[in-house]
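In mature numbering (1 follows the signal peptide of the UniProt record, and there is no 0), the protein residues as written are -22 to -1, 1 to 317.
Don't be surprised by glycine CBs; every beta carbon is placed ideally from N, CA and C.
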Amino acid sequence: MNKLSIIFSLLLAFFSVSSTHSQGVNFSDLQLNIGIFTGVMEDALELDQNTGLFGMRLGGIYATYLVGQGVLFEVRTPLANERNRLSLVSLNSAMQPLQPGENPFERIGRQTRPLTSLPQENDSTEAYGLYQNMMERISKVDYSIAVSKAIEQASVSVRSLRTLGNIDDVEYEELQIELEVMRENMQENIDQIGALEQEIRVASAATNQADSVESEVSSRLDLLLGKIEPLRQRAMSRAVELKAETELAEQRYIARWHDEVSEFEQNLYMVMCNYGSTLRALPEDENISIILKGLGEDSETTTRRPDKIHILLKRDVQECQQGEIDIAELRERSEHYSY
């Protein structure tokens, strides 16, 4: 027998077995069984009670039958949507460091154009010294970048807290107002420093006024810088507090989510044990496979949310319903993995 004849014989045998197997399945009855069982599962697992925006269903079950393998249920639950919240929080946190902060004091130099030329060292040693001293004090103020980044970090944390459900809309608005006040205070200080810088330029150019303005300008600068430090400390402290609160909220959210997934899976096996006999037309040697969309364990090799897959033998489900094994044994006999 040549190779072509062997291949043809194998294919013929395969299709003969498949045809014989499919002839033993009453597809109409099986389709009816699957439809009834799908409704029972949706009701028992409360998947028909969850709706999202515009009344769209967040959960549901889609079923199909594979000849020789068994029935396959694809289960979509609100838990997958809840998991997406964590992705959003992680994205917010990851994007925040990528947003470069600009030193607002650098904008002062671009926005404020001197009305007169800057004093040169040979014009007046006193005027030049006054200008240099004041400008050096202003240039050493490293508060603006720190405050800007602290406020932005705090804002990211506030959004994350709302996403995780730790604060309601009222609390969210209150925190946003608090941060906005900090931004306004920061901008006000920046504007005042810009105006003071311009005054220093003008006064320094008028060498005969150096003595009269030095004390006044120095006092105003002291007062202004005295406002800056408390604002910097408050902004950074608030950012640290909110970040710590967000990290704790995220840890609790993850733990609660895993608990809810475990509870859902336990209820799933309970439904299988109690109502699995509904699938009467399913051949005894075939499987009941369940895909829990988006509920699998995270993997470092892929960014896709994996699914959780459970495969049960019909005869094991029957034994559970008949009391020969309990739900724990049914789950132990099943195959389950993430993919």
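For residue i, the first and last residue of its enclosing alpha helix (DSSP H)
{"i": "threonine 280", "result": "Careful: threonine 280 lies outside any alpha helix (DSSP H) and carries neither H nor E."}
{"i": "lysine 270", "result": "The residue asked about is misnamed: residue 270 is leucine in this sequence, not lysine. It is not in any alpha helix (DSSP H) - leucine 270 instead sits in the beta strand (DSSP E) that spans 265 to 270."}
{"i": "glycine 143", "result": "Careful: glycine 143 lies outside any alpha helix (DSSP H) and carries neither H nor E."}
{"i": "arginine 258", "result": "Here arginine 258 belongs to no alpha helix (DSSP H), and DSSP marks it neither H nor E."}
{"i": "glutamate 302", "result": "That residue, glutamate 302, is in no alpha helix (DSSP H); it is neither H nor E in DSSP."}
Segment limits, beta strand (DSSP E) that includes residue i
{"i": "alanine 41", "result": "38 to 44"}
{"i": "glycine 48", "result": "48 to 54"}
{"i": "serine 6", "result": "Per DSSP, serine 6 belongs to no beta strand (DSSP E); it is in the alpha helix (DSSP H), 5 to 22."}
{"i": "glutamate 310", "result": "Counting along the chain, glutamate 310 falls outside any beta strand (DSSP E), though it belongs to the alpha helix (DSSP H) covering 305 to 311."}
Alpha-carbon to alpha-carbon, residue j and residue i
{"i": "glutamate 278", "j": "serine 65", "result": "15 Å"}
{"i": "aspartate 304", "j": "threonine 256", "result": "18 Å"}
{"i": "lysine 271", "j": "valine 295", "result": "22 Å"}
{"i": "serine 316", "j": "isoleucine 289", "result": "12 Å"}
{"i": "glutamate 275", "j": "glycine 172", "result": "55 Å"}
{"i": "histidine 314", "j": "isoleucine 268", "result": "9 Å"}
{"i": "arginine 91", "j": "methionine 214", "result": "Unreliable positioning characterises arginine 91 in this predicted model, as indicated by a pLDDT of 40, which lies under 50. The coordinate reading is nonetheless provided below. Their Cα atoms are separated by approximately 32 Å."}
{"i": "leucine 76", "j": "serine 135", "result": "Its pLDDT being 41, under 50, leucine 76 is placed unreliably by the model, and the measurement read from it follows with that caveat. If I take the Cα positions, the gap works out to 15 Å."}
{"i": "leucine 174", "j": "valine 195", "result": "8 Å"}
{"i": "glutamine 131", "j": "tyrosine 231", "result": "20 Å"}
{"i": "asparagine 163", "j": "proline 56", "result": "43 Å"}
{"i": "serine 312", "j": "serine 240", "result": "15 Å"}
{"i": "glycine 46", "j": "glycine 301", "result": "27 Å"}
{"i": "arginine 258", "j": "threonine 42", "result": "16 Å"}
{"i": "leucine 8", "j": "glycine 2", "result": "11 Å"}
{"i": "leucine 201", "j": "aspartate 146", "result": "39 Å"}
{"i": "threonine 281", "j": "glutamate 225", "result": "21 Å"}
{"i": "arginine 161", "j": "histidine 236", "result": "39 Å"}
{"i": "aspartate 21", "j": "serine 6", "result": "23 Å"}
{"i": "cysteine 298", "j": "glutamine 229", "result": "36 Å"}
{"i": "arginine 234", "j": "arginine 63", "result": "13 Å"}
{"i": "aspartate 101", "j": "arginine 179", "result": "Because the pLDDT at aspartate 101 is just 49, under 50, the model does not fix this residue reliably, and the point stays unresolved."}
{"i": "glycine 87", "j": "leucine 203", "result": "Confidence is the limiting factor: at glycine 87 the pLDDT is only 42, short of 50, which leaves the residue's position unreliable and the question unanswerable from this model."}
{"i": "residue 334", "j": "serine 193", "result": "The shown model of the chain, from -22 to 317, leaves out residue 334, and the question about it has no answer."}
{"i": "arginine 309", "j": "asparagine 4", "result": "28 Å"}
{"i": "alanine 217", "j": "isoleucine 266", "result": "51 Å"}
{"i": "glutamine 165", "j": "serine 126", "result": "10 Å"}
{"i": "glutamine 211", "j": "isoleucine 287", "result": "51 Å"}
{"i": "alanine 222", "j": "glutamate 151", "result": "20 Å"}
{"i": "phenylalanine 15", "j": "aspartate 285", "result": "22 Å"}
{"i": "glutamine 176", "j": "valine 159", "result": "26 Å"}
{"i": "glutamate 238", "j": "serine 133", "result": "29 Å"}
{"i": "glycine 37", "j": "glutamate 207", "result": "52 Å"}
{"i": "residue 334", "j": "aspartate 169", "result": "The question about residue 334 has no answer, for the chain in this structure spans -22 to 317."}
{"i": "valine 148", "j": "cysteine 251", "result": "46 Å"}
{"i": "isoleucine 155", "j": "glutamine 110", "result": "38 Å"}
Within 8 Å, strictly: CB atoms of residue i and residue j
{"i": "leucine 209", "j": "alanine 58", "result": "no"}
{"i": "leucine 246", "j": "leucine 23", "result": "yes"}
{"i": "glycine 48", "j": "glutamate 264", "result": "yes"}
{"i": "residue 339", "j": "isoleucine 39", "result": "Residue 339 cannot be examined here, being either before or after the span of the chain that is shown, -22 to 317."}
{"i": "arginine 283", "j": "arginine 61", "result": "yes"}
{"i": "asparagine 11", "j": "leucine 260", "result": "yes"}
Contact belief for residue i with residue j at Cβ below 8 Å, rounded distance in angstroms
{"i": "leucine 157", "j": "isoleucine 123", "result": "That belief does not hold up - the Cβ atoms of leucine 157 and isoleucine 123 are roughly 16 Å apart, past 8 Å."}
{"i": "alanine 227", "j": "leucine 139", "result": "6 Å"}
{"i": "leucine 142", "j": "valine 67", "result": "6 Å"}
{"i": "lysine 292", "j": "glutamate 243", "result": "Rounded, the Cβ-Cβ distance is 19 Å, inconsistent with contact."}
{"i": "valine 18", "j": "tyrosine 253", "result": "5 Å"}
{"i": "lysine 205", "j": "asparagine 144", "result": "32 Å between Cβ atoms; not a contact."}
8 Å Cβ cutoff, residue i in contact with chain C
{"i": "isoleucine 123", "result": "Absent from the structure: chain C. Only one protein chain is present."}
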